[in-house]
Every structure is written in C-alpha cells, then in structure tokens.
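Trainee: Counting in this note's numbering, the sequence shown runs from 682 upward without gaps.
Below you'll find the structure I mean.
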Amino acid sequence: MFIRNKQIRSNLKIAILSIVMLISGCVNTYYVPRVTPTKIETENEHFIANILPACTPYACIFIGLVIDNKSSKNIEIDWNRTFFIEDGITKGRFTFEDIKNPISLYAFLNRKITTIIRPGYRITVMLYPIAKVLTSYEFRFRLNGSNGVYLTVIVDGKEITEELLFDLSYIKTQNPENYPKDKSVVNLPED
682 MFIRNKQIRS
692 NLKIAILSIV
702 MLISGCVNTY
712 YVPRVTPTKI
722 ETENEHFIAN
732 ILPACTPYAC
742 IFIGLVIDNK
752 SSKNIEIDWN
762 RTFFIEDGIT
772 KGRFTFEDIK
782 NPISLYAFLN
792 RKITTIIRPG
802 YRITVMLYPI
812 AKVLTSYEFR
822 FRLNGSNGVY
832 LTVIVDGKEI
842 TEELLFDLSY
852 IKTQNPENYP
862 KDKSVVNLPE
872 D
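Next comes the structure, spelled out in structure tokens:
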C-alpha cells in the first residue's frame, strides 16, 4: 500500500511514533548496579586494606574502606593524596559522610587531613568522591571501567601507595528486585 498524500503519510508517521512511545513509556526500565571485584583487598607488611562499594538498586552511594594496622608502628593515612579512581584514572579526592555542604567541603579541601591508625587497630571510613558529591548525593560510577581508591599511607616517614579496584556495570531490568545480593557490594535499602 503506497500512500501518495504527504499529509496522510505525515499523520500516519506521527501516530505510529506516538504509539511506540506510549508503549515503551508504559514499561519502567531500571539499571541495577553490578560489581565485579578486581582488587578489593590488598595486604603488605604494614596493613590490610579492603574496599566495598555501597549501592542501592539504582546507584552507588559511597565506598567503604577498612584498614587494619598489623604492624608495630603507627600508620598515617594521607587523605590529601588518597584519590578516587574512575575509569582507571584518578579523579580527585574523597570526602566523608559528615562533610557534604560546600562551606565544610571548602574548609576540608584547604587543610592537611590525616588519620593515624595505631598498631593493632582498625579504621572503617565511608568515602564519597568529592566530584560526585558536588553534583549529587547519589552518584554513578562510569560503566565498564576500573573504579576504586588510590590509597596513600605513610609508615615511618615512607610513603606507601596501593590501588583497590572494582569494575561496575549496570544490568538493564524491568524489576529492581533483580538487584545483586552478593558479598561484592553492600546492599543498601531504598529510601
């Protein structure tokens, strides 16, 4: 069937496009984060460090970092030289849960921040990438790339750096209940 009238053809195209948009709009599509551990734990003679991304069914919120001091010396975490890794590239520093407003963030960025872990002790910190906090409290990592923490610590005046990494992808689903329930991610409840 060949329609010769341009007006009828144009109206038919609009009607078909409207029907397609209506049908596709009726089905909700969600992108559920899926974490694949790459190097989420590292160990050396001084400490053991682990990261665990914390995600809801819709986005990753923060990265949990746990460091155990297994040496007989103090370990100093240099937060000014500890960076967020996004897609394999360092993309700025981290902030903490209680430092999210711009004024506190500005003060945080303009001073030297360190944490001392005494021998035999553990520290657990929730890290928020600053670049992501400035745009939103919930953030999404890049797809198909290495994400994580470039950790810088000082032991006895010697700087030690370690990378802790994971890959993140998003699974397209109609049902957010398909959210992964594995140990590679902290599953946070929806708000």
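Cβ atoms here follow ideal geometry from the backbone N, Cα and C, with glycine treated the same way.
Note that the structure is a prediction, hence the values are computed from the model and not measured.
(1) Less than 8 Å separating the beta-carbons of Ser752 and Val836?
(2) Spatial neighbours of Asp863 within its chain, please: C-beta separation below 6 Å, excluding the five flanking residues on both sides.
(3) Tell me, please, whether the region 743 to 763 touches the region 720 to 732 by the rule of three or more beta-carbon pairs shorter than 8 Å.
(4) According to the Cβ coordinates, are Asn725 and Arg799 closer than 8 Å?
(5) Among the residues of its own chain, which have a CB less than 7 Å from the CB of Leu869, if the five just before and after it don't count?
(6) Can you list, in chain order, the residues of its chain whose CB lies under 6 Å from that of Phe777, leaving out five sequence neighbours each side?
(7) Just reading off the beta strand (DSSP E) that Ser850 is part of, what are its end residues?
(8) Is Ile766 closer than 8 Å to Gly829 when the C-beta atoms are compared?
(9) Starting from Lys772, follow its DSSP beta bridges and name the residues at the other end.
Mentor: So, from the listed chains and residues:
(1) In terms of Cβ geometry, Ser752 and Val836 form a close pair [threshold 8 Å].
(2) At Asp863, the pLDDT of 47 sits below 50, so the modelled position is not reliable and the matter cannot be decided from this model.
(3) For the pair of segments examined, the region 743 to 763 was found to touch the region 720 to 732: the number of CB pairs separated by less than 8 Å reaches three.
(4) No. Outside cutoff.
(5) Low confidence applies to Leu869: its pLDDT is 49, below 50, so where it sits in the model is not reliable, and the reading given next is rough at best. The residues are Ala735, Cys736, Thr737, Ile742.
(6) Taken in chain order, the list of residues that qualify is empty.
(7) Ser850 -> beta strand (DSSP E) spans 839 to 854.
(8) Against a cut-off of 8 Å, the Cβ pair of Ile766 and Gly829 comes out as a contact.
(9) Within the DSSP secondary-structure output, Lys772 pairs in no beta bridge.
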